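In this note's numbering, the protein residues as written are 1 to 313.
Single-structure report; data block below.
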């Protein structure tokens, strides 16, 4: 079909930014993280459905949930989460999370969990010149490296803008120059059984990055706010069992010495690891208490309070 200048141009869904100067804010990669449960089934209704799903196994006819007390409904939910009842009932509970304040590196870890469905913020037809740069705490805590980090990001963004503004290189091609540290978000959909599996895998402080650990803790907190019965399947203070089992057999990711949660389960040589230090020790050139520990402990305290309130009902 030919071009028709009599037509009104459509309104494009993205903001057009030809000629704009790039703007960059540098923020701590953990402070930027956001995980929000944006959709889940009604808790009361799903407890009733899970009760029927579990109890039907032995019933002569369909089970009327109306005859069950609130305590019985919660007890059945706990049984499911603890593996004392039909685990397939967990597949009834579909959850949708907004995962924000993440960079491309964290995205690769997120979508590696293949049990979920994902919707991404696009990069191919949307200007990326104003995206924030997410900076790990150890780099924030290293003035010389932080200065070079900022220069690198700004230079890459300026080249990106220059190429896009030339109108001879598309957004799709220009984006390849940008660093992985720029901020994005995803939506993630999975059932609660797979979400609990995500938490268990990503809470590992020995072989998973700090961002994954915090996302796992935030996800646990979001789930427990709606389904506190799931506390029987969540233990963020447990040792890193995969790390422990593989540490001395040559198949493990031995980055750091074990932390206090895992060390009591290991006997090891100090040179068994890439770095002769714990992860907490590797906090940049200035040292000090890692920001991760502050956030981690705050989230765990929130979770403890949720569980305590549930148990004292």
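Here a beta-carbon is modelled for each residue, glycine too, at the ideal position from N, C-alpha and C.
Bear in mind the structure is a predicted one, so any value in this text is a computation, not a measurement.
Residue 213 - containing alpha helix (DSSP H), residue span: On the chain shown, residue 213 is found 213 positions in, with the first residue counted as 1. Start and end: 210-226.
Integer-rounded CB distance, given that residue 303 should sit under 8 Å from residue 224: The residue labelled residue 224 in the question sits at position 224 within the chain shown. The residue labelled residue 303 in the question sits at position 303 within the chain shown. Correct: roughly 6 Å between the Cβ atoms.
Buried versus exposed call for residue 205 [16 or more other C-beta atoms within 10 Å across all chains shown]: For the purposes of this step, residue 205 is taken as residue 205 along the chain shown, with counting starting at 1. Residue 205 comes out buried.
Test item: CB-CB of residue 154 and residue 105 under 8 Å: The residue given as residue 154 occupies position 154 in the chain shown. The residue given as residue 105 occupies position 105 in the chain shown. Their beta carbons are not under 8 Å apart, which means residue 154 does not touch residue 105 by this criterion.
C-alpha distance - residue 4 paired with residue 18, whole-angstrom precision: For the purposes of this step, residue 4 is taken as the residue at position 4 of the chain shown. For the purposes of this step, residue 18 is taken as the residue at position 18 of the chain shown. Cα-Cα distance, rounded: 24 Å.
Segment limits, alpha helix (DSSP H) that includes residue 198: Along the chain shown, one-based indexing puts residue 198 at 198. Looking at the DSSP string, the run of the alpha helix (DSSP H) that includes residue 198 is 192-202.
Beta-carbon proximity list for residue 252, same chain, < 7 Å, skipping 5 on both sides: Residue numbering aside, residue 252 sits at position 252 when the chain shown is read from its first letter. Result list for residue 252: 243 and 246, in chain order.
Proximity to residue 115 [Cα-Cα], best of 127, 48, 189 and 78: Within the chain shown, residue 115 is the residue found at index 115, counting from 1. The shortest C-alpha separation from residue 115 is found at 189.
Cross-strand partners of residue 257 (DSSP beta bridge): In the chain shown, residue 257 corresponds to position 257, counting from 1. Answer is 278.
Cβ separation of residue 171 and residue 125, assumed to be a contact under 8 Å, to the nearest whole Å: As a working mapping, residue 171 is identified with position 171 in the chain shown. As a working mapping, residue 125 is identified with position 125 in the chain shown. Going by Cβ atoms, the distance from residue 171 to residue 125 rounds to 6 Å, so yes, they are a contact pair.
Residues of its chain near residue 294, where Cβ-Cβ distance is below 8 Å and the 5 sequence neighbours each way are ignored: Within the chain shown, residue 294 is the residue found at index 294, counting from 1. Counting only Cβ-Cβ distances below 8 Å, and skipping sequence neighbours, we find nothing.
Residues bridged to residue 35 [DSSP beta-bridge criterion]: Along the chain shown, read from residue 1 onward, the residue named residue 35 stands at position 35. Answer is 99.
Distance between beta carbons of residue 33 and residue 137, contact taken as under 8 Å: Within the chain shown, numbered from 1, the residue matching residue 137 stands at position 137. Within the chain shown, numbered from 1, the residue matching residue 33 stands at position 33. Not confirmed; about 12 Å, so no contact.
Exposed unless 16 or more other CB atoms sit within 10 angstroms - verdict on residue 85: Your numbering for residue 85 matches position 85 in the chain shown. Buried, by the Cβ-count rule.
From 275, 299, 38 and 268, residue whose alpha carbon lies closest to that of residue 256: Counting from one through the chain shown, the residue named residue 256 turns up at place 256. Answer by Cα proximity: 275.
Buried or exposed by the 16-neighbour rule on C-beta atoms within 10 Å, applied to residue 213: On the chain shown, position 213 is the one that residue 213 refers to. Burial call: buried.
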